[in-house]
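This report refers to the structure that appears directly beneath it.
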Amino acid sequence: MPAVTDFVLRGTLRGRPPQEPLLQLVADDGRPLVQLSGALVAGAAGLRAELQYDWPHPRNDRPLVLEWPLPAAAGPLEFVLRGAAATVDAVLCGVLVDQEWPVGGLPLATDPLRLLPAAAACLHRVTFQPGATPPAPWPTPAPLRNYWRPPGHNVGVYDIMPFCDGERFHLFYLYDRRAHRSKWGLGAHQWAHAVTADLRTWEHLPLAVGLDDPAEGSICTGSAIRVDAELWAFYAVRAVDGSPARLTWARSLDGRSFAKATVGLTLQPPYEPSSARDPVVLRLADGRWHMLVTTSLLDPPLPGRGGCLAHLSSADLEHWAQHPPFLVPGHGDQPECPDWFAWGGRWYLIHSHHGVARYRLADHPEGPWRRPRVDTFDGPQLRVLKTAAFGARRIGVGWLPDQHGRFGGQMVFRELHAAADGELTTSFVPELRPACGPPAGAAPELLAGQLEHLPDGWRLTGAATVAAADLGPLPPAGRLQVELTLAAAAGLLLRCGSRAGGGWELRLDPRRGTVGWRWPLASSLSYADATALEGVDLAGRVRLDLYLVDDLLDLCVNSCRTLAVRCPAEVSGDRLALLAHDGPVVVHSLRVAPVLTGEV
1426 MPAVTDFVLR GTLRGRPPQE PLLQLVADDG RPLVQLSGAL VAGAAGLRAE
1476 LQYDWPHPRN DRPLVLEWPL PAAAGPLEFV LRGAAATVDA VLCGVLVDQE
1526 WPVGGLPLAT DPLRLLPAAA ACLHRVTFQP GATPPAPWPT PAPLRNYWRP
1576 PGHNVGVYDI MPFCDGERFH LFYLYDRRAH RSKWGLGAHQ WAHAVTADLR
1626 TWEHLPLAVG LDDPAEGSIC TGSAIRVDAE LWAFYAVRAV DGSPARLTWA
1676 RSLDGRSFAK ATVGLTLQPP YEPSSARDPV VLRLADGRWH MLVTTSLLDP
1726 PLPGRGGCLA HLSSADLEHW AQHPPFLVPG HGDQPECPDW FAWGGRWYLI
1776 HSHHGVARYR LADHPEGPWR RPRVDTFDGP QLRVLKTAAF GARRIGVGWL
1826 PDQHGRFGGQ MVFRELHAAA DGELTTSFVP ELRPACGPPA GAAPELLAGQ
1876 LEHLPDGWRL TGAATVAAAD LGPLPPAGRL QVELTLAAAA GLLLRCGSRA
1926 GGGWELRLDP RRGTVGWRWP LASSLSYADA TALEGVDLAG RVRLDLYLVD
1976 DLLDLCVNSC RTLAVRCPAE VSGDRLALLA HDGPVVVHSL RVAPVLTGEV
């Protein structure tokens, strides 16, 4: 039999499978090319398939792995392993639960199915059939809100590309499995798509740009534009053979289904072509279309500092001329995922370094660019923020990785605001706030120091020591709103135990102008850039608005600075406390409300 790409392996599972091999599909010489085993999947019982394709490439040094997480409920479960030229799917009870993207085929024997002894107790009606079958439906996604991620096993949101067509706000985003490790580490990202007219009610649409050719290793980040009645999506394709990345596009007349172009371009010297990606396109006053592309110079002025934005232009969006570099920041990495737009009479350029989005502003579309006092939008854990207009507003979207900092995570939305001098700040998007129950105040219980009640609140003061007050229980998912005045450093201790033990501290230091999360018993000089904001104005009354959703903590300070982080897994208390470190802190108001179940 020639190497198989299209096939269906189907069976019924009764009971929990043992953690050992259950069946194999073998080659003529008896080598297992597909093996199905019982396994622990996400800490519970599941199935695992390992497939060894015949792709003759050094990357193919391990099998592709797909998994079926099994529900806790007992009963017969139909599982399917469905192969096609560009995809292989794991299906459970008719719904897609995992997916991989192969290259090559499976040189199976004429009669390849081998049931192993462990299968007798748990597998029934197992069949194997070469040939094509329709794909299974994807799981139904929950309504899209702040902190959303796609449903399913090993799935996350990667770079997000918002776009407004004048009427609807589109979210194109990279659909990620396995934290960028699918398809032998090539990523295998695809453009997923959702759309809204009001930022409240969203429609999930089919994949905008998918992987339908085995030669495609990943559909990379890009941007969308409107050209007359069409939407154009520009992106780079990472090739499986390591050849230079191809910059190309897909077009849509209805804003739902996109047709890929059969042409494209690759960068030429002085640019390095293999890493070219993240194109952003817009039309300038000269009537031409201009494209910025992330790449590097082949011969930079300083070794290791050649990461740049290449500059191209076109009259027809298909034939592009190269120009000298648009920007060479001089860092040790490349300026990724650029965003380039006019707003309020100024021009803005956003680019990310090590995932952190930074911006520059100018009076003209090509600069000169100047650095603002604070050039970031959030803390470093919020990755690759990109923006789009929404009427006169500007909405940004980034993603927050998991506890381990791996690729792919949850969406986080931000509203941008421009000051009179053009500098940008961020706040929560009103339409996307999680719904909460009625708020309740807190009655402080003094643990150390002195507590004084005031007409508009209360004051906590230490006498040559740290003062502390227990503020009561904190819901696992909740919203905390605090208004306070600081004389010196103070801290809110979240998820602590009794008598302010343990927890994680939000330290506010007006002398440093910093707000950040830290371990409460760490050195007084301890400061974690990954969980802090700098240049924060903490004079006068300070307003804190904080959402706690599972391990995600999302903070807004004075409606103009935001900070999204992951709370360490070992922080597990259920109380809230206040600490006054070097002087008094006055609490004017404090409200705690539960986030309603199902609203995140």
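Position in the sequence shown (first residue = 1) + 1425 = my numbering. Quick reminder that beta carbons are idealized off the backbone N, C-alpha and C, glycines included. This one's a predicted model, so the numbers in the text were calculated from it and none came from an experiment.
Check                                                                                                            : Outcome
Whole-angstrom distance between residue 1571 and residue 1744, CA atom to CA atom                                : 39 Å
Buried versus exposed call for residue 1828 [16 or more other C-beta atoms within 10 Å across all chains shown]  : exposed
Distance CB(residue 1941)-CB(residue 1963) smaller than 8 Å                                                      : no
Residue 1928 (DSSP reduced to helix, strand or coil)                                                             : coil
Distance cut-off 7 Å: residue 1485 Cβ against heavy atoms of the ligand PLP                                      : Only the bare structure without any ligand can be found here, which leaves the ligand PLP out of the picture.
Cβ shell of residue 1967 (< 6 Å), same chain only, five flanking positions each side left out                    : 1909
Residues bridged to residue 1469 (per DSSP)                                                                      : 1466
Residue from 1486, 1972, 1764, 1613 whose Cα sits closest to the Cα of residue 1820                              : 1764
Residue 1852 versus residue 1961 - alpha carbon distance                                                         : 14 Å
Spatial distance of residue 1639 from residue 1522 (CA atoms)                                                    : 21 Å
Helix, strand or coil at residue 1989 according to DSSP, with G and I counted as helix                           : strand
Residue 1610 - containing alpha helix (DSSP H), residue span                                                     : 1607-1610
Segment limits, beta strand (DSSP E) that includes residue 1628                                                  : 1627-1634
Closest by C-alpha distance to residue 1605, when choosing among 1584, 1989, 1773, 1593                          : 1584
Residue closest to residue 1975, alpha-carbon to alpha-carbon, out of 2015, 1901, 1984, 1913                     : 1901
Assigned secondary structure, residue 1956 (DSSP; H/G/I helix, E/B strand, else coil)                            : helix
Contact under 8 Å by Cβ, residue 1438 with residue 1518                                                          : no
Inter-residue Cα distance where the pair is residue 2008 and residue 1876                                        : 13 Å
Rounded straight-line distance, which links the Cα of residue 1509 to that of residue 1428                       : 12 Å
CA-to-CA distance, residue 1907 to residue 1939, given in whole angstroms                                        : 17 Å
Coarse secondary structure for residue 1963, derived from DSSP in three states                                   : coil
Contact under 8 Å by Cβ, residue 1867 with residue 1996                                                          : no
Where residue 1923 falls, given that 16 or more other Cβ within 10 Å makes a residue buried                      : exposed
Distance, residue 1454 Cα to residue 1574 Cα                                                                     : 44 Å
4-residue-minimum alpha helix (DSSP H) runs that sit fully inside the segment 1757-1789, ordered along the chain : none
Of the residues 1641, 1448, 1537, the one placed nearest residue 1528, counting alpha carbons only               : 1641
Between the CA atoms of residue 1541 and residue 1823 - distance to the nearest angstrom                         : 47 Å
Residue 1825 versus residue 1991 - alpha carbon distance                                                         : 8 Å
Where residue 1687 falls, given that 16 or more other Cβ within 10 Å makes a residue buried                      : exposed
Backbone secondary structure at residue 1655 - three-state DSSP                                                  : strand
Nearest-angstrom Cα separation, counted from residue 1843 out to residue 1798                                    : 13 Å
Cutoff 7 Å; reference residue 1630; Cβ partners in own chain excluding five residues on either side              : 1618, 1619, 1620, 1681
Integer Cβ distance of residue 1616 from residue 1658, believed to fall under 8 Å                                : 7 Å
DSSP state of residue 1857 mapped onto helix, strand, coil                                                       : helix
Reference residue 1707, options 1748, 1755, 1753, 1650, closest by Cα                                            : 1650
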